[in-house]
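Trainee: Got a structure for you, questions after.
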Amino acid sequence: MTGVPSMEGTTTEVSKLEQLWNLTAFSDVTWQMMVMWAIIALLFYLAVYKKFEPLLLIPIAFGALLANLPTEGLVNVPLGEHGGGLYYYISKGVELEIFPPLIFLGVGALTDFGPLIANPRTLLLGAAAQFGVFATFLGATAIGFTAMEAGAIGIIGGADGPTSIFLANKLAPHLLAPIAVAAYSYMALVPMIQPPIMRALTTEAERKIRMKSLRQVSRLEKLIFCCMVTIVVILLVPAAAALIGMLMLGNFLRESLETERLTKAAQNELINIVTIFLGTSVGITMTAERFLNIDTMKILALGIVAFSIATSCGILMAKAMNWFSGEKNKINPLIGSAGVSAVPMAARVSQVEGQRADPGNFLLMHAMGPNVAGVIGTAVVAGYFIAWYAN
Numbered sequence: 004m005t006g007v008p009s010m011e012g013t014t015t016e017v018s019k020l021e022q023l024w025n026l027t028a029f030s031d032v033t034w035q036m037m038v039m040w041a042i043i044a045l046l047f048y049l050a051v052y053k054k055f056e057p058l059l060l061i062p063i064a065f066g067a068l069l070a071n072l073p074t075e076g077l078v079n080v081p082l083g084e085h086g087g088g089l090y091y092y093i094s095k096g097v098e099l100e101i102f103p104p105l106i107f108l109g110v111g112a113l114t115d116f117g118p119l120i121a122n123p124r125t126l127l128l129g130a131a132a133q134f135g136v137f138a139t140f141l142g143a144t145a146i147g148f149t150a151m152e153a154g155a156i157g158i159i160g161g162a163d164g165p166t167s168i169f170l171a172n173k174l175a176p177h178l179l180a181p182i183a184v185a186a187y188s189y190m191a192l193v194p195m196i197q198p199p200i201m202r203a204l205t206t207e208a209e210r211k212i213r214m215k216s217l218r219q220v221s222r223l224e225k226l227i228f229c230c231m232v233t234i235v236v237i238l239l240v241p242a243a244a245a246l247i248g249m250l251m252l253g254n255f256l257r258e259s260l261e262t263e264r265l266t267k268a269a270q271n272e273l274i275n276i277v278t279i280f281l282g283t284s285v286g287i288t289m290t291a292e293r294f295l296n297i298d299t300m301k302i303l304a305l306g307i308v309a310f311s312i313a314t315s316c317g318i319l320m321a322k323a324m325n326w327f328s329g330e331k332n333k334i335n336p337l338i339g340s341a342g343v344s345a346v347p348m349a350a351r352v353s354q355v356e357g358q359r360a361d362p363g364n365f366l367l368m369h370a371m372g373p374n375v376a377g378v379i380g381t382a383v384v385a386g387y388f389i390a391w392y393a394n
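Numbering-wise (our numbering), the sequence shown opens with residue 4 and increments by one.
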């Protein structure tokens, strides 16, 4: 009969549609993936519209998006004559502990250690902030994490993303994704988390304290400082050598004034490229199976506790130091909050809060002292945990 499609023709069309459907990956999408898409959308929102650490959160979030799609040729391991996926190789920069020290090289090249050298007592403020790390370590062990896992979680209190990744990869690689996300998220939320704590722990009179101007630090002093910190820290905590060594190398390049090309490369091209690779490599580990579990919720909760304790301890240490300081040599306690390692954001928050109380007060350079001390202190603590638990 003309005009009536044959059954054979219809079957062929259905078969072709099935083949076309099978070529797609829609059937591989799970509800867990869609939950992760919502979390990723939140990270994008914080990074793009709230401008919370976009250089870090955008690569992490996009890596997480790729991790929660049924991809091919991206993370697969080598099989026979077939090579591995792109991020099988790029992620080796995290697994082999290459990326975090390279980030430290760039941080060293970008940071002025002069305020710490000019006012060395602010080193105590950076050290005080590490109490947040140890308090969270104890809390994590108390709720069931192993000592190695607790050490990796506790370092979130230092507010240092590369160090958190470095330590998690050493002690608890299965927790790398939630630890990295917690560390970078709380770094991004410094302007929201710290101010209420700073105001609660200080009086208005304390917030108005004006510190005397810092002396000018010579180039020779800065170069000697780099070498001495490298020698002393590595002798005390050899496990911190990769982080401290690269941090001080970057700063030595900066302060020598003889390696402009290398300094600019470390400050720009190197740190930018490594940030992209590091962020997306961390994001790639954020699969639904790894991220949507009770341990992740515990880590996120412990992270905010760690950060809050670290901030509080820095402020309280500054207040305690004022008991032994002369009237002309007092420390504005607001700079104690900069003892966490979020460089230079934590120092900027101290400046903003100081000017809220006294518009003519300038605390930024004073706050950079404990801020730099916090970077060094967190690296030392990470080295301690590695030496104690990983070896």
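Yeah, the Cβ is synthetic: ideal placement off N, Cα and C, and Gly gets one too.
Write down every uninterrupted run of the alpha helix (DSSP H) in the stretch 129-191 whose length is 4 residues or greater and which is fully enclosed by it, in chain order.
Mentor: List check, alpha helix (DSSP H) in window: 134-145, 150-157, 164-174, 179-191.
Trainee: If we ignore side chains and look at the alpha-carbon of each, how far apart do Leu49 and Met201 end up?
Mentor: 23 Å
Trainee: Just to check my reading of the structure: Phe294 and Met39 have Cβ atoms closer than 8 Å, yes? What is that Cβ distance to the nearest angstrom?
Mentor: Contact flag correct, Cβ pair sits at about 7 Å.
Trainee: Rounded to whole angstroms, how far is the Cβ of Asn172 from the Cβ of Glu100, which I believe are closer than 8 Å?
Mentor: Yes, they are in contact, since the Cβ atoms of Asn172 and Glu100 sit about 6 Å apart, within 8 Å.
Trainee: Assign Leu20 to one of three DSSP states: helix, strand, or coil.
Mentor: helix
Trainee: On the premise that Pro118 lies in contact with Leu217, defined as a C-beta separation below 8 Å, what is that separation, rounded to the nearest angstrom?
Mentor: Rounded, the Cβ-Cβ distance is 6 Å, consistent with contact.
Trainee: So, with DSSP's three-state summary, where would you put Leu260?
Mentor: coil
Trainee: Starting from the C-beta of Ala350, find all residues in its chain whose C-beta is less than 7 Å away, skip the five residues before and the five after it, and write them out in chain order.
Mentor: The residues are Ala341, Leu367, Ala370, Met371, Asn374.
Trainee: Under a three-way DSSP split, which group does Leu217 fall into?
Mentor: Leu217 falls in the coil class under three-state DSSP.
Trainee: Check whether the Cβ atoms of Gly2 and Ala186 lie closer than 7 Å to each other.
Mentor: Residue 2 falls outside the range modelled here, since the chain spans only 4 to 394, and no answer is possible.
Trainee: Taking the straight line between their C-alpha atoms, what separation do you get for Phe125 and Trp326?
Mentor: With the sequence shown as reference, residue 125 is identified as Thr, and Phe is not the correct amino acid for it. Rounded to the nearest angstrom, the two C-alpha atoms are 15 Å apart.
Trainee: Following the continuous alpha helix (DSSP H) through Val38, name the residue where it begins and the one where it ends.
Mentor: 34-51
Trainee: Is it right to say Met249 is buried, meaning 16 or more other beta carbons lie within 10 angstroms of its own, or is it exposed?
Mentor: So Met249 ends up on the buried side.
Trainee: For a minimum of 4 consecutive residues, which ranges assigned as the alpha helix (DSSP H) are wholly contained in the stretch 52-100?
Mentor: 57-70, 89-93, 95-98
Trainee: Along the chain, where does the alpha helix (DSSP H) containing Val352 start, and where does it finish?
Mentor: 348-360
Trainee: So what does DSSP say about Thr15, is it helix, strand or coil?
Mentor: helix
Trainee: If you follow the alpha helix (DSSP H) that Gln197 is part of, which residue opens it and which one closes it?
Mentor: 193-204
Trainee: Is the stretch 86-103 in contact with the stretch 289-304, if contact means three or more CB pairs nearer than 8 Å?
Mentor: no
Trainee: Reducing DSSP to helix, strand and coil, say where Thr266 ends up.
Mentor: Helix at Thr266.
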